[in-house]
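Numbering (our numbering), first residue to last: 108 to 247. The structure appears right after this line, and notes come after that.
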């Protein structure tokens, strides 16, 4: 027992570094589950949209939405999400892909939807900007 304590004392910095590294590696996974959604790439989003009946929920403001959006997307700005939650209830058990310009509003929207018992939430990693950077088609 004494040798274990001595080992810990002599290597506390190394042990702290190992624990810190482990947490740094796990942080993205922990952060994603805290938001209640899966962070998916543009390619994964295309696959999700082609395989399943998915609601594409664009939480940007109407003027941003009008400049271009994923085809078939429904625009419910984040500022109106709570007030308009009734119209989304039928999608509670279906896949929902949440999109904003870069990702932060989508993360907030996913947290709100998770609190309302939505079960299959997905965020587009990098948001609409990533979609445009990948030269994917948009609707207007």
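By construction, the Cβ of each residue, glycine as well, lies at the ideal position given by its N, Cα and C atoms.
- With respect to the 8 Å criterion, residue 206 and residue 153 are not classified as neighbours on the basis of their beta carbons.
- Secondary structure at residue 246: strand, using DSSP grouped into helix, strand and coil.
- Bounds of the beta strand (DSSP E) holding residue 145 are 145-147.
- Going by beta carbons, residue 155 and residue 149 fall outside the 8 Å limit.
- For the pair residue 215 and residue 185, the CB atoms are nearer than the 8 Å cut-off.
- Checking the DSSP bridge columns, you'll see residue 177 has no partner listed.
- For residue 186, no beta strand (DSSP E) segment is defined, and its DSSP state is neither H nor E.
- The continuous stretches of beta strand (DSSP E) do not include residue 220, which lies in the alpha helix (DSSP H) extending over residues 211-222.
- With respect to the C-alpha of residue 146, the residue from 202, 187 and 158 having the closest C-alpha is 202.
- CA-to-CA, the gap between residue 144 and residue 198 works out to about 15 Å.
- Residue 200 and residue 221 have their C-alpha atoms spaced approximately 11 Å apart.
- With a contact defined as Cβ atoms closer than 8 Å, residue 212 and residue 167 qualify at about 7 Å.
- Scanning 230, 193 and 179 for the CA closest to the CA of residue 209 turns up 230.
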